[in-house]
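Protein chains in written order, with my numbering: chain A, 842 to 1387; chain B, 2 to 215.
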């Protein structure tokens, strides 16, 4: 089989190499790498804030940071991690790089808009850095009114401008993906032959497109109210502060699914490839992704059970939230069933993927607990909630991001990473993560509120455990920088298809040439045609590989 | 004349044209959510304070709003005619009608500016010059807050549309459009019609509905 591409002269990396050829590129693969540089930078900024928070909480009296600085740190941690790392993480890097390759296209539909998205992202990043350096914000990443509009003394307006501009980047990238997947699929690439990663990016892009504008309007209203003193959310002037929460969560709950859906796509690719089995219930997996995307728009008020909404609204939103568990559970069961009778190899990407499934399950089940009215009244705004959503976002999304990064690293760079080190990093990530966040479930259950600067000394042991875990996690997240960086120069050359995987992206050279495929591939097979019995597989172009 | 070849990611020019239009439709969907959030809050508060909103809306300038409605609907007509002439390759008429559309857009902005001036004179501009009239309560100011945010954002969109139309004029004069290639006309036309449609909704929500007793 493999390829059409054995003797291509230059890859996308080497075709042109001036600085301008990178900064003005319209190649989706290069733009993916540009985004990768930007979000890595912000990941470490957000991580730095988290480090300070965990160090501070080693001591019940909290001695490291002044109270006001502590508030600014957890706010910055939230803003940076949510909008500058998690939301763009998988879509803008792996999504940008892989979507055209996976559907057999030469580029995204609108390459210039794709590049513009990166510039807009960085402009919004400058605003957030400005905000950080002049003194930060202390509202929490949620900007709740009337605190943010009337009382907060931080730099709320620059922060809202940063997030507002960031939304344009989300929209441009999401729009590009939706249109590309609709219009640029290779011949034979029907909807039911799309790899699940493509389905996931499609679902997430729709959510980005329909939810982000509402956040933009909400934050514009907050900034305007703070600047001009008009009373949109100010009860003294007739405004309703609760309306802000409704509008904010109308975006920000779907935003959680913006973070997790691409991760689910990545994990489906990994589990299937390393178990050498077709994804169990492919169609169900695709529909589950889409139904999670749709249901995500009807659950927002579960963030507001104790904010003063009516008990009947609470019951309805609680029930609607339970509905999300159905497609989510379908996914977990199907990943597990995919493993059944598979021929499993525990390479680093698979370790990350299996870690994802376990951590996502814990995060998801505790999600049902906090969606239950009677439990939520007790654990609302405690560390239980913090632990719950970190299991989804860090345990889930970040694990999948690292798994996907390792899996496609040979395709992106043309080099293999050192497997031993990568396995160590994957295992240390899993252990460090659990040590960091499992104690927080206990802390929350015991009643420790989130965002507090000091706490009851009885809780110190769990906080110390959590901080110890955070230091392990920090090592695990820094480790790949070194060995992946090393592999860029000294790694073994990867062939076109080092994992013997079925997707179209593995049919072209590693790294791929400028326009991906010399000839547009024709798709003749469903994805994931692995045979665990003899290790053979059928690639999506229909070629049989023993 | 420039040779007509699609960009590398497209197989045919036709595919490229249709994709560009689909992209604009998708963008319009995001815009609907953007304005939708604002209109939703407007109606929410109008339901809550309908009496105060009715009092406030009586100071809105119905005549100027209606004139602007007529101007924008006419501009949609000239825009559609421009696209049709572009498709037929009739350059002079294309440029003429694009200029007419731009001129109507400018008229709209002029009338809108004058309306803002009158609003200022009647002390209905929140945070700059706002006087609570006898019998009015603070929620009347909310009406004006939404009025200015909504019409202001609409004006921003219209200005962007004007810019796009001027780019089209420039391209048309360089002979870029023909019966084979007119995709930018369609795409900008979609955007322009969307901006007009937003005004149709804003006009209805602010001027006549605002005045209505229930």
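Even for Gly, the Cβ is constructed at its ideal location relative to N, Cα and C. If you're wondering where the values come from, they're calculated on a predicted model, not measured in any experiment.
Straight-line Cα distance separating residue j from residue i
i, j, result
"residue 37 of chain B", "residue 170 of chain B", "31 Å"
"residue 848 of chain A", "residue 1353 of chain A", "Here residue 848 of chain A scores only 48 on pLDDT, less than 50, and its place in the model should not be relied on; the value that follows carries that caveat. Their backbone Cα atoms lie some 12 Å apart in a straight line."
"residue 1173 of chain A", "residue 904 of chain A", "42 Å"
"residue 195 of chain B", "residue 159 of chain B", "10 Å"
"residue 846 of chain A", "residue 931 of chain A", "Unreliable positioning characterises residue 846 of chain A in this predicted model, as indicated by a pLDDT of 45, which lies under 50. The coordinate reading is nonetheless provided below. Going by the C-alpha atoms only, they are around 27 Å apart."
"residue 908 of chain A", "residue 186 of chain B", "57 Å"
"residue 1209 of chain A", "residue 1357 of chain A", "43 Å"
"residue 1018 of chain A", "residue 943 of chain A", "12 Å"
"residue 993 of chain A", "residue 19 of chain B", "49 Å"
"residue 42 of chain B", "residue 1073 of chain A", "9 Å"
"residue 1265 of chain A", "residue 1135 of chain A", "38 Å"
"residue 1175 of chain A", "residue 1128 of chain A", "13 Å"
"residue 842 of chain A", "residue 1126 of chain A", "With a pLDDT of only 40 at residue 842 of chain A, under the threshold of 50, the placement of this residue in the model should not be trusted; the figure read from the coordinates follows. Going by the C-alpha atoms only, they are around 29 Å apart."
"residue 176 of chain B", "residue 92 of chain B", "7 Å"
"residue 16 of chain B", "residue 1068 of chain A", "46 Å"
"residue 2 of chain B", "residue 1021 of chain A", "No answer about residue 2 of chain B holds up, because its pLDDT of 42 lies below 50 and its placement is not dependable."
"residue 1267 of chain A", "residue 1192 of chain A", "6 Å"
"residue 1340 of chain A", "residue 1377 of chain A", "12 Å"
"residue 983 of chain A", "residue 29 of chain B", "27 Å"
"residue 880 of chain A", "residue 874 of chain A", "10 Å"
"residue 923 of chain A", "residue 1099 of chain A", "10 Å"
DSSP bridge partner residues for residue i (one or two, in chain order)
i, result
"residue 130 of chain B", "B/126"
"residue 1370 of chain A", "A/1379"
"residue 1385 of chain A", "A/1379"
"residue 1223 of chain A", "A/1290"
"residue 1256 of chain A", "A/1334"
Partner residues on chain A for residue i, Cβ-Cβ distance less than 8 Å
i, result
"residue 30 of chain B", "1050, 1051"
"residue 18 of chain B", "Neighbours of residue 18 of chain B on chain A: none; closest Cβ ~11 Å, over 8 Å."
Contacts of residue i in chain A (Cβ-Cβ under 7 Å)
i, result
"residue 187 of chain B", "Near residue 187 of chain B there are no residues of chain A at all, since even the closest Cβ is about 15 Å away, more than 7 Å."
"residue 24 of chain B", "950, 951, 1016, 1020"
"residue 9 of chain B", "947, 948, 1356"
Residues near residue i in its chain [Cβ-Cβ closer than 6 Å; skip 5 each side]
i, result
"residue 145 of chain B", "125, 127"
"residue 143 of chain B", "46"
"residue 895 of chain A", "1308, 1311"
"residue 1064 of chain A", "998, 1001"
"residue 886 of chain A", "921"
"residue 1217 of chain A", "1146, 1211"
"residue 1273 of chain A", "1310, 1313, 1314, 1317"
"residue 995 of chain A", "977, 978, 979"
"residue 1062 of chain A", "1073"
"residue 1046 of chain A", "1015, 1018, 1019"
"residue 1221 of chain A", "1147"
"residue 1190 of chain A", "1111, 1244, 1247, 1248"
"residue 191 of chain B", "25"
heavy atom of the ligand MG below 7 Å from residue i C-beta
i, result
"residue 1087 of chain A", "In the structure shown, the ligand MG is absent, as is every other ligand, since no ligand is present at all."
Chain B contact residues for residue i, given Cβ-Cβ distances below 7 Å
i, result
"residue 1057 of chain A", "35"
Listed by chain order, chain A residues near residue i by CB distance under 9 Å
i, result
"residue 196 of chain B", "Near residue 196 of chain B there are no residues of chain A at all, since even the closest Cβ is about 15 Å away, more than 9 Å."
"residue 143 of chain B", "1071, 1072, 1073, 1078, 1079, 1080"
"residue 82 of chain B", "What residue 82 of chain B touches in chain A: nothing, since even the nearest Cβ is about 28 Å away."
"residue 199 of chain B", "Residues of chain A passing the Cβ test: none, with the nearest at roughly 13 Å."
7 Å Cβ shell around residue i - same chain, five flanking residues per side excluded
i, result
"residue 898 of chain A", "1304, 1308"
"residue 1237 of chain A", "1101, 1104, 1197, 1200, 1201, 1204"
"residue 1287 of chain A", "1300"
"residue 1016 of chain A", "1050"
"residue 1158 of chain A", "1140, 1142, 1143"
"residue 1229 of chain A", "1204, 1207, 1208, 1211"
"residue 1041 of chain A", "1102, 1103, 1105, 1106, 1130"
Cβ shell of residue i (< 8 Å), same chain only, five flanking positions each side left out
i, result
"residue 1328 of chain A", "1250, 1254, 1256, 1257, 1258, 1259"
"residue 1090 of chain A", "1141, 1142, 1144, 1145"
"residue 1071 of chain A", "1065, 1078"
"residue 901 of chain A", "1295, 1296, 1297, 1298, 1300, 1301, 1304"
Closer than 8 Å to chain E by CB, residue i
i, result
"residue 1065 of chain A", "Checking the listed chains, one finds no chain E in this structure; the protein chains it contains are A and B."
Within chain B, partners of residue i - CB distance below 8 Å
i, result
"residue 1214 of chain A", "The premise fails here: residue 1214 of chain A is roughly 25 Å from chain B at the closest Cβ pair, so nothing lies under 8 Å."
Worksheet item: Can you list, in chain order, the residues of the region 995-1025 of chain A whose Cβ is nearer than 7 Å to any Cβ on chain B?
Response: 1012, 1016, 1019, 1020, 1023, 1024, 1025
Worksheet entry | Selection of the region 150-177 of chain B by Cβ proximity to chain A, strictly under 8 Å | 150
Discussion item. By the 9 Å beta-carbon criterion, what residues does the region 32-61 of chain B contribute toward chain A?
Written reply: Answer set for the region 32-61 of chain B: 32, 33, 34, 35, 36, 37, 38, 39, 41, 42, 45, 46, 49, 50, 53.
Discussion item. Any C-beta of chain A within less than 7 Å: which residues of the region 128-140 of chain B qualify?
Written reply: 128, 139, 140
Discussion item. Please list, in chain order, the residues of the region 1136-1161 of chain A that have any C-beta partner in chain B closer than 8 Å.
Written reply: none
Worksheet item: the region 1084-1103 of chain A: which residues have C-beta closer than 7 Å to a C-beta of chain B, in chain order?
Response: 1084, 1088
Fill in: Cβ-based contacts, 7 Å cut-off: residues of the region 95-128 of chain B near chain A
127, 128
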